[in-house]
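Basically our numbering = 1-based index in the sequence shown + 164.
Using N, Cα and C, we set each Cβ at its ideal position, and we do this for glycine too.
Since the model is a prediction, treat every value here as computed from it, not as a measurement.
Please read the structure below before turning to the comments.
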Amino acid sequence: MTSLSSGPASPLEAADTAEEFRAAVAAAPDEHCLAGVFEACLRPLVYSRHHWLLHKGEYRVRADLRASFEALRLRDPLAWDDEEADLMLCLFALDTASTGLDDLVERVDSAAVRDVLHARHALYAGLVAPGEQPPATLLALARRVERLRPLVQETHELFSVIDGRAWFRTEGAMAREDIDTEHLTPDVEEVLAEVFGAPAARTAHDRLRAATRTAVETDGDSCSVVRAVMRAALADPVLRADHVTLTCPMGDLLDRPEEMTTSGAFFTETQLRDGIELADHAEQLGHESAEQLHRTIRARMLKLKRGAIRSLYGPGCLQGQFVEKHGGHMLFRNEDAHYRGHRSIGCSSGGRASFALRHTADGAERTMTPMIGDFRVVRMSHDEALTFTADELPQVIRYGEWLRVVVEETYRLGAVVRADAPAPAV
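Right, dumping it as structure tokens:
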């Protein structure tokens, strides 16, 4: 995220050790430059997932690290000790590479960050620059990772692998040509034919847009189409889902995304697999009520999306920034191992397709940040044989793409995803 100029590297840009970074920050030419450094160091503390990391011999959560940062920014950089200067170098490097604290394993120090960035460089360069050697210095390595990412995204979908039991994330990539979004699955074809009649000889996207137009003309919204696609996902033999959830902007505040901070601004709906016995998961959920599960998932998704809107569209250090946590597909495992919020929605393993949404405002095409469109597939079982895998994630991405087409067509028609939305519960 950090904007660094081209040409000869400044002392700050060339810093590779805590000592060099401390000296470079202390020699910042003006208050504006110093403020920029601190803003860059703050961002990973804001957007990273909850995480325990060793710093100064003790395990710290993100809030502890932020408290340390806030204290350091008030002191003369030359008064930082080596571990404090190294923490600030870590944060600056993570921001430069647009990565997070949740990538780190066990500890937060520059050696751990270097390991993460070497792994990320190996992944990216292996796809678009085979044989490229990583830069020698930490911040140069971070900048190279940041510059390689969009090159990779031209041909590949990136995804996070998050293991709740391991407390850290890694990243994977899959070739976009291996994800078939041009042909609907038999389950999607079946539900569209059931609801909207026999399909015409169109592409998958044309078929979905036609169904959306029919729904909007008939019902005033596209809810019947998204529900049909979600129902197909539940029946999909690849996904083997226990429940699926779609969350996206309703469509009435597209010209004012910064105002999407209320529950009514979003469509979020969950469908459960027919025949699922929630009593089998009562210990995990804390109840066996389908209605309670729907309410809990809705509240959780609305909290996530409203928080993302406040961070990325409101004032603050993340406004307009790319954030990996917000921006990518996810494969998650053991998500209920430590976090009560995940246990309460029965999330053991599954996948998320994240998609940006295009729309027109004031005659210009705009794109809302990725993650604002969110399709999640969840398996509740702890049976290792049923753990969601990377081989199954492309199927989630296919459904996410088809839902994106429906939602964007809804916006193009000037309609909303659900016209009769209930009064917000949260």
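Answer with buried or exposed for residue i, where buried requires no fewer than 16 other C-beta atoms within 10 angstroms of its C-beta.
i	result
threonine 533	buried
arginine 329	exposed
glycine 295	exposed
lysine 467	exposed
glycine 264	buried
glycine 492	buried
leucine 305	buried
histidine 523	buried
arginine 239	exposed
glycine 514	buried
aspartate 113	With the chain covering only 165 through 590, there is no way to say anything about residue 113.
glycine 578	exposed
arginine 333	buried
cysteine 197	exposed
proline 241	buried
glycine 450	exposed
alanine 182	buried
histidine 490	Unreliable placement is indicated for histidine 490, whose pLDDT of 48 sits below 50; no coordinate value is reported for it.
glutamate 310	buried
proline 175	exposed
glycine 510	buried
aspartate 555	exposed
histidine 320	buried
aspartate 246	exposed
alanine 589	Unreliable placement is indicated for alanine 589, whose pLDDT of 46 sits below 50; the coordinate value is still reported in the next sentence. Exposed is the call here.
serine 167	Unreliable positioning characterises serine 167 in this predicted model, as indicated by a pLDDT of 44, which lies under 50. A coordinate reading is not provided.
arginine 543	buried
glutamate 499	buried
histidine 282	exposed
arginine 371	buried
glutamate 488	At glutamate 488 the pLDDT is 46, less than 50, meaning the model places this residue with poor confidence; the figure from the coordinates comes in the next sentence. With 16 or more other Cβ atoms within 10 Å, it is buried.
aspartate 194	exposed
alanine 204	buried
aspartate 342	exposed
alanine 397	buried
Using CA atoms only, rank isn't needed, just tell me which of the options is closest to residue i.
i	options	result
proline 208	Cys197, Arg404, Ala261 and Asp383	Ala261
histidine 445	Leu251, Leu198 and His546	His546
alanine 528	Asp180, Arg576, Asp383 and Ala357	Arg576
arginine 237	Leu305, Phe202 and Glu341	Phe202
arginine 395	Glu381, Leu356 and Leu372	Leu356
valine 210	Glu341, Glu270, Val390 and Arg226	Arg226
arginine 420	Ala339, Leu476 and Lys220	Leu476
glycine 384	Glu184, Glu183, Pro193 and Glu573	Glu573
alanine 374	Val569, Ala583 and Thr553	Val569
alanine 249	Tyr223, Leu410, Arg391 and Ala179	Ala179
alanine 520	Ala549, Leu302 and Val571	Val571
leucine 418	Val359, Ala525 and Ile473	Ala525
tyrosine 223	Phe360, Val269 and Glu499	Val269
leucine 410	Leu403, Val393 and Arg474	Val393
valine 280	Glu318, Glu499, Glu177 and Gly336	Gly336
alanine 187	Gly200, Met465, Phe496 and Leu253	Leu253
serine 388	Arg340, Ala583 and Gln448	Ala583
glutamate 423	Arg340, Leu495 and Ile473	Ile473
glycine 200	Glu177, Ala339, Glu184 and Arg213	Glu177
arginine 663	Leu302, Leu557 and Leu206	Absent from the model: residue 663. The displayed extent of the chain is 165 to 590, so no value can be given.
valine 359	Thr345, Ser386 and His369	Ser386
alanine 339	Gln317, Val189 and Glu353	Gln317
Give me the Cβ distance between residue i and residue j, rounded to the nearest whole Å; I'm assuming they're in contact under 8 Å.
i	j	result
aspartate 400	glutamine 559	7 Å
leucine 322	valine 292	Incorrect: roughly 12 Å between the Cβ atoms, too far for contact.
isoleucine 461	threonine 434	5 Å
proline 455	leucine 442	The amino acid at residue 455 is misidentified as proline; the sequence shows glutamate. Going by Cβ atoms, the distance from glutamate 455 to leucine 442 rounds to 10 Å, so no, they are not a contact pair.
arginine 437	leucine 550	Arginine 437 to leucine 550, Cβ: 13 Å. No contact.
valine 580	valine 390	Valine 580 to valine 390, Cβ: 11 Å. No contact.
methionine 494	arginine 516	4 Å
arginine 497	glutamine 448	Contact flag wrong, Cβ pair sits at about 15 Å.
Segment contact, 8 Å Cβ cut-off, at least three pairs: the segment 408-421 with the segment 430-438: They touch, by the three-pair rule.
The segment 280-296 / the segment 222-233 touching (three or more Cβ pairs under 8 Å): no
Given 8 Å, three or more beta-carbon pairs between the segment 335-351 and the segment 548-564: The answer is yes - the segment 548-564 touches the segment 335-351, with three or more Cβ pairs under 8 Å.
Stretch-stretch touch, CB-based, cutoff 8 Å, three pairs: the segment 373-380 with the segment 535-550: The count of Cβ pairs closer than 8 Å, one atom from the segment 373-380 and one from the segment 535-550, stays below three, leaving the stretches out of contact.
Given 8 Å, three or more beta-carbon pairs between the segment 212-224 and the segment 270-283: yes
Ordered list of alpha helix (DSSP H) runs contained in the segment 396-451, each at least 4 residues: 446-449
Uninterrupted alpha helix (DSSP H) stretches inside the segment 528-586 (no shorter than 4 residues): 557-576
Inside the segment 236-320 only - alpha helix (DSSP H) runs reaching at least 4 residues: Counting only runs of 4+ residues, the alpha helix (DSSP H) found wholly inside the segment 236-320 occupies 246-261, 274-292 and 302-317, in chain order.
Uninterrupted beta strand (DSSP E) stretches inside the segment 174-226 (no shorter than 3 residues): 217-219 and 222-224
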